[in-house]
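First up is the structure itself, then whatever we jot down about it.
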Amino acid sequence: MQIEKSLAPVKPLLDTWGILDGDKISWYPEQHVDFTSLSTSEVNSWYSDTVTKTLESFSNFARVWEVSFGTDYSRENEAKPMLLKWETGTCHDDYVKRIIAEIQSYSEPIYFLEMKVDLFVYVRTSESPSRPIQGWVRHLGEFKIWGGPEVGQEPGIFFEIGATLFYPSYFRYGDNSELYSINSHLLANALHQWERRFGSLHREGG
């Protein structure tokens with residue numbers, strides 16, 4: 007099923023769920039890449055490949071809307087931190103292509119990259135307070151990727167969710183079983199696709 011990615015985010019009712027104050031739930035695959043012998047283009051190709059495979063894995067669940075990345079600024083270089091934001095209503099595919107192009111052409115080896123994403127989930131809204139609708143919801147998840155040519159620096163790829171939407175219940179909000187039952191498989195399917203690309207996933211928090 008092709009999901010429309012140019013739609014504006016919906017504003018959900020935080021009725022039976024809400025934003026996590028403390029630790030987020032996160033998943034990550036183990037990465038074993040030695041960056042010390044890689045050139046700048048090879049390091050940045052690893053980042054572009056990782057971003058591409060990750061976005062493809064989550065294509066029916068997550069939509070990137072802000073990307074930031076940069077290098078090791080303790081070293082002398084002229085590279086500036088990059089911040090790329092998507093404007094609602096514009097072609098999302100073009101935005102993703104721009105992200106990949108900027109990563110590949112960055113003048114220094116990238117050391118970190120973060121992607122903020124909207125999630126395509128079922129929520130209740132003020133227009134539909136009793137019947138959950140599916141739409142893009144902002145400020146629920148993000149990806150964090152790091153790794154560079156420092157000796158001993160292990161690369162990492164994390165997907166984090168900072169809301170209780172995927173809990174059947176939470177002490178502050180009570181019973182969330184309805185939204186949990188229709189959203190949990192969406193998350194599980196996306197994680198399964200990610201796992202197929204990167205290997206077994208570990209979970210922290212939640």
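According to our numbering, the stretch in the sequence shown is residues 7 to 212, in order. A virtual CB, placed ideally from N, CA and C, is assigned to each residue, including glycine.
Own chain residues within Cβ distance below 6 angstroms of residue i, not counting five before or after
i      : result
Tyr112 : Asn50
Lys150 : Glu120 and Phe164
Tyr186 : Pro174
Arg203 : Lys59 and Ser63
Tyr141 : Per the sequence shown, residue 141 should be read as Gly rather than Tyr. Once the five neighbours on either side are set aside, the close Cβ partners of Gly141 are Val16.
Cβ-based burial, residue i [other Cβ within 10 Å; buried from 16]
i      : result
Pro135 : exposed
Lys122 : buried
Ser45  : exposed
Ala68  : buried
Asn83  : exposed
Ile9   : exposed
Ser183 : exposed
Thr94  : exposed
Ile1   : Because the chain in this structure spans residues 7 to 212, residue 1 falls outside the shown range and cannot be described.
Tyr79  : exposed
Glu148 : buried
Pairwise C-alpha distance: residue j and residue i
i      : j      : result
Leu197 : Phe64  : 8 angstroms
Ser43  : Thr56  : 19 angstroms
Met217 : Gly24  : Outside the modelled stretch of the chain, which goes from 7 to 212, sits residue 217, for which no answer is possible.
Asn66  : Glu210 : 23 angstroms
Gly76  : Arg137 : 43 angstroms
Tyr101 : Thr131 : 28 angstroms
Pro18  : Val143 : 7 angstroms
Asp21  : Tyr179 : 7 angstroms
Pro2   : Thr60  : Only positions 7 to 212 of the chain appear in this structure, which leaves residue 2 out of reach.
Glu166 : Pro15  : 19 angstroms
Glu156 : Ser54  : 19 angstroms
Tyr5   : Lys103 : Past the boundaries of the shown model lies residue 5; the chain is included only from 7 to 212, so the question cannot be answered.
Gln199 : Gln110 : 24 angstroms
Trp52  : Ile116 : 10 angstroms
Close beta carbons around residue i, own chain, < 7 angstroms, minus the five adjacent residues each side
i      : result
Leu26  : Gly168, Ala169 and Thr170
Ser190 : Phe172
Asp29  : Gly211
Asp181 : Thr22 and Ser175
Bridge partner(s) assigned by DSSP for residue i
i      : result
His208 : Tyr34
Asp181 : Ser175
Asp124 : Arg69
Gly162 : Trp152
Trp142 : Phe126
Thr131 : Pro18
Ala169 : Ile25
Phe119 : Checking the sequence shown, residue 119 turns out to be Leu, not Phe. Paired residues: Phe75 and Ile151.
Same chain, Cβ closer than 8 angstroms to residue i, five either side skipped, listed in chain order
i      : result
Glu201 : Pro35 and Leu207
His98  : Lys11, Ser12, Arg69 and Trp92
Ser6   : Outside the displayed span of the chain (7 to 212) sits residue 6, for which this structure offers no information.
Thr96  : Ser12
Point to revise | Segments assigned alpha helix (DSSP H), at least 4 residues, entirely inside the stretch 41 to 114 | key: Counting only runs of 4+ residues, the alpha helix (DSSP H) found wholly inside the stretch 41 to 114 occupies 46 to 63 and 98 to 111, in chain order.
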